[in-house]
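Undergrad: Handing you this structure, nothing more for now.
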Amino acid sequence: MIRRKFPCSDNQFIILGLMELLKNKKLIGESNIYGGLDEILFHSGGPVTKKSSKSIIVGPPKFRFLAKQPSKEILPANKKQINPLDGNIVLGPEPPDLIWEIEKWSSNKWNLHNSVKGPSLSLSLKELEVFLPKDDSAPGTICGAFAYDLCQWTQPLQLINPPNEKSLIGILFSMERWILHDRENEFIEIGGDNEDIWVKDTIKLIESIPNLNKIKPVWPKNSPVLIPGEYSNFTDLEHINNIKKVQESIKSGELYQLNFGRKWKGPLKEDPWTLQLRLATQNPAPWSCYIFSNDLDFCLCSSSPEILIKGDGYEFYTSPIKGTKPRGKTESEDSNLINELINCPKERAEHLMLVDLEKNDMNKFCKLGSVVRESFQVESYAQVHHLVSDIKGNIRERKNVWDVLECMFPGGSISGCPKTVTIASIDQIEKESRSFWTGSAGIINHNNNSLAFNILIRTLEGHKINSKWNGTIQAGGGLVIGSKPEMEVNEAKLKAVALRKVTGWITENKNKEYPIKPLSNLIINENKILPDYKEIGNVVIWPEKLNLNNKMVAFIDNLDSFSWNIINELVINGVNVCVIPGRKNSPTFNEVIQKLSPTHIVIGPGPGNPLISELTMEICSNALKGKSPPLLGICLGHQAIGVAAGWELCKTPTGAIHGEVHEIEDFGSSLTNFNNKMTRYHSLTLVKSKLNRSGLKIVAKIKNDNDSIMAIEHEKYPIFGVQFHPESEESQGDGEIFKNFLKC
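FYI, the numbering for the sequence shown is 1 to 744, going by the working numbering.
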């Protein structure tokens, strides 16, 4: 392999200048003779940080991989009478294999060369490896973008509103040659095969430049011209009504948070590259990207601030964004808005919910016990302030980079919690496919298990129709019980304002209501210490079992987005866990006991009423008769114990509580001292039966609130229920509840 480095500064715009220079010299783009004509750039905008230090121009690719929406005969729309917002959801059926068309560049055009397929996103992607370079030291071997609609192969759902037949839902490119700008170490690197003519010609070009630091693009001279014709798929009133529908669903316990998106569409008068240049100055962001495929009449212009997942082959991290305030007009106003953001209960609850969700997704592929929130901060971008957390973990043995992508996709910050239910609900209320908005774009090296993928927000998707470009912008926000509908509408517009300005759909505000400000970070807290656990158990998925001497916990997974955080808390105590589905293809209680012989059972949380899970209720009924191993119910599991005992389940009198931390008061629990602050996620609560002949007693409530049942246990049998989430990032107690339960 050839590697040639040239010193340069960390200027974020050098790579843009090089992109233009390469196009002018016919080394990339429509006039190049070396490979595919597609233009691909991953741009680190803004200041240099660990999240924003490298930009990459991908040289003309030799292979292109396309995924398209199957025909309606192969993957029809969901015609069943379902209403996810009301808890009426049907899982399955399994989708058809995901097919990737493989195109090879030859005779100056893309030609269909082959196709591969797989039953899931990860398994289909793994089939592409034979067409990729074998270099494990390159920045990548494959790159491109995934549409959000690939969730059809990562979630057990059939969409009501799938994309149109043959719509592009994935576009990837082989990476044989590249130019990398390492802004942290201040150099340009050109790389590729030893005999690659493109690499040699590009090196000659760079050698001819007297001063790389003076390279810059030709910036657009004038502001965008106002272009009529923009329209949105929702009016403000319709937007508000959808928010209210979501909040009613939250009150009923069907979900905790949902991220609703609204589209703006219109004509594009400037070419995609000019629009990308405007974005680079108006809205610089660390995870920007540009993909232009003229023969497909397709482009993506993105200035995304958000990462989906990044990893070096061992350590992986994500940085979920949730919580937003606009930038102020003055430094003082800016500071006040940051303080408002940090101290806003609604924003903090929404952010904590996302942190717990992302930790859950990372626990699916990371070594259990290794996933931690490393830092929590405010990150300030050109138009807005965001609450951001950095979460990291170490990959498990036998997991690969394709598994990592499947576990994380689509991102929790742009879907909601619980993820499966919210994706079904998004499909219901947005009424059309999202396409690439909230999908992901990035780079993978499958040889060393490294990757870096963004979340495609702050993104313009363009399609050429009858020789004219048309664009789509989508923006929205996370909806929780505390959301103010009018404020949510304004926040969605704020997030879309930079893109709508560069397209010319709205005019520049001469008063600079949201002036361009320097990017910065304000650390709220940090955690650099990784706990050292003496013994970590193993996890299997039902019906697999482990023939080991350790304690075996049967964990009933009720389709929640925090399940793997609970599993993590169990295995770090040295026990083995078998994950058993509580909603689909569930065994019976007797099958669990006979085939698994569990020493303990934990019923996990989940959306809706516990009666929806037959296995959950069967376990609770048997436990109350003394026929079960020690039982711990968390949230929905706690409610199930009460319902099985004849207690009533009603809406929480104070309203839905999600992501809020409350002080718990202990009333004599034998499991642990509950006098700690704990995170709550629930809309329903138990009411004690007046007869109460079941043997259950209340052992914890919210402090100073006698009507709030937070924990129950049985007077005779080892049955325990907690309404709160002891595994949550901001719950106190250091997992003592799990430790003591496992001693039963």
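Idealized CB from N, CA, C, for every residue including glycine. Note that the structure is predicted; figures quoted are calculated from it, not measured.
Less than 8 Å between the C-beta atoms of residue 17 and residue 105, yes or no?
TA: Not in contact: residue 17 and residue 105 (Cβ atoms no closer than 8 Å).
Undergrad: Mapping the DSSP letters down to three states, classify residue 174 as helix, strand or coil.
TA: Note: residue 174 maps to strand in three-state DSSP.
Undergrad: Quick check: what's the CA-CA separation for residue 182 versus residue 11?
TA: Looking at the two C-alpha atoms, the distance is approximately 10 Å.
Undergrad: Spatial neighbours of residue 399 within its chain, please: C-beta separation below 6 Å, excluding the five flanking residues on both sides.
TA: 365, listed in sequence order.
Undergrad: Could you tell me which of 112, 171, 603, 94 sits nearest to residue 102, measuring between CA atoms?
TA: Residue 112 is the option with its Cα nearest to residue 102.
Undergrad: Considering only C-alpha positions, which residue in the set 324, 32, 89 is nearest to residue 607?
TA: The shortest Cα separation from residue 607 among 324, 32, 89 belongs to 89.
Undergrad: For residue 478, does the three-state DSSP call read helix, strand or coil?
TA: In the structure shown, residue 478 sits in a strand (DSSP, three-state: E or B).
Undergrad: How many angstroms separate the CA atom of residue 725 from the CA atom of residue 681?
TA: About 7 Å.
Undergrad: Would you say residue 816 and residue 574 are within 8 Å of each other, going by their C-beta atoms?
TA: Since the first residue of the chain shown is 1 and the last is 744, residue 816 is not available in this structure.
Undergrad: Along the chain, where does the alpha helix (DSSP H) that runs through residue 386 open and close?
TA: Note, residue 386: premise wrong, no alpha helix (DSSP H); beta strand (DSSP E) at 384-394.
Undergrad: Taking just the CA atoms, how far does residue 674 sit from residue 697?
TA: Residue 697 and residue 674: Cα-Cα distance of roughly 15 Å.
Undergrad: Rounded to whole angstroms, what's the CA-CA distance from residue 558 to residue 621? Just pull it up for me.
TA: For residue 558 and residue 621, the distance between alpha carbons rounds to 17 Å.
Undergrad: Over the uninterrupted alpha helix (DSSP H) stretch that includes residue 351, give me the two end residues.
TA: Its alpha helix (DSSP H) spans residues 345-363.
Undergrad: Cβ atoms of residue 215 and residue 175: under 8 Å apart, would you say?
TA: The answer is no: Cβ separation not under 8 Å.
Undergrad: Which ranges does the alpha helix (DSSP H) cover as unbroken runs of at least 4 residues, wholly within the stretch 611-659, from first to last along the chain?
TA: Those alpha helix (DSSP H) runs which fall completely within the stretch 611-659 and span 4+ residues are 614-624, 636-644.
Undergrad: Pairing CB atoms from the stretch 475-495 with CB atoms from the stretch 248-265, are three or more of them under 8 Å?
TA: Yes: the two stretches touch, three or more of their Cβ pairs being nearer than 8 Å.
Undergrad: Could you tell me if residue 668 is buried or exposed, where buried requires 16 or more neighbouring beta carbons within 10 angstroms of its beta carbon?
TA: Answer is exposed; the Cβ neighbour count stays below 16.
Undergrad: Leaving out the 5 sequence neighbours to the left and right, which residues in its chain are closer than 7 Å to residue 670 when beta-carbon positions are compared?
TA: Same-chain partners within the cutoff: 713.
Undergrad: The beta strand (DSSP E) with residue 3 in it runs from where to where?
TA: Residues 2-7.
Undergrad: In angstroms, rounded to a whole number, what distance separates the CA positions of residue 66 and residue 146?
TA: If I take the Cα positions, the gap works out to 10 Å.
Undergrad: Return the chain-ordered list of same chain residues with a C-beta closer than 7 Å to the C-beta of residue 535, the five sequence neighbours on each side being excluded.
TA: Result list for residue 535: 574, in chain order.
Undergrad: If we count Cβ pairs, one from each stretch, closer than 8 Å, do we get three or more for the stretch 572-588 versus the stretch 650-668?
TA: Result no; under three Cβ-Cβ pairs closer than 8 Å.
Undergrad: Tell me the residue span of the alpha helix (DSSP H) that contains residue 746.
TA: With the chain running from 1 to 744 in the structure shown, residue 746 is simply not present.
Undergrad: My output table needs one value for residue 533: the three-state DSSP class, helix, strand or coil.
TA: In the structure shown, residue 533 sits in coil (DSSP, three-state: anything other than H, G, I, E or B).
Undergrad: Since residue 561 and residue 360 should fall inside the 8 Å C-beta cutoff, what is the C-beta to C-beta distance between them, to a whole number of angstroms?
TA: The Cβ separation is near 5 Å, so the contact holds.
Undergrad: Tell me the start and end of each unbroken beta strand (DSSP E) in the stretch 127-178 that is at least 3 residues and wholly inside, in chain order.
TA: 142-146, 168-174, all fully within the stretch 127-178.
Undergrad: Could you check if residue 231 is buried or exposed, using at least 16 other CB atoms within 10 Å of its CB as the buried criterion?
TA: Residue 231 comes out exposed.
Undergrad: What number of angstroms, rounded off, separates the C-alpha of residue 394 from the C-alpha of residue 322?
TA: Using only the alpha carbons, I get a separation of about 24 Å.
Undergrad: Hey, could you find the ends of the beta strand (DSSP E) residue 326 is sitting in?
TA: First-last of the beta strand (DSSP E) with residue 326: 321-326.
Undergrad: How big is the Cα-Cα spacing for residue 617 and residue 610?
TA: Distance between the alpha carbons of residue 617 and residue 610 is about 7 Å.
Undergrad: Got a sec? Which residues, its chain only, sit under 7 Å from residue 229 by beta carbon, not counting five neighbours each side?
TA: Hits under 7 Å: 266, 267.
Undergrad: Applying the 10 Å Cβ sphere with the 16-neighbour rule, what's the burial state of residue 64?
TA: Looking at its Cβ environment, which holds 16 or more other Cβ atoms inside 10 Å, residue 64 is buried.
Undergrad: Out of 125, 250, 657, 358, point me to the one whose CA is closest to residue 345's CA.
TA: The shortest C-alpha separation from residue 345 is found at 657.
Undergrad: Check each candidate in 72, 82, 437 and name the one with the smallest Cα separation from residue 96.
TA: If we check each option's Cα against that of residue 96, 72 comes out closest.
Undergrad: Checking the sheet assignment: what are the DSSP bridge partners for residue 445?
TA: Its beta-bridge partners are 450.
Undergrad: Which residues mark the beginning and the end of the beta strand (DSSP E) in which residue 685 is found?
TA: 684-687 is the extent of the beta strand (DSSP E) around residue 685.
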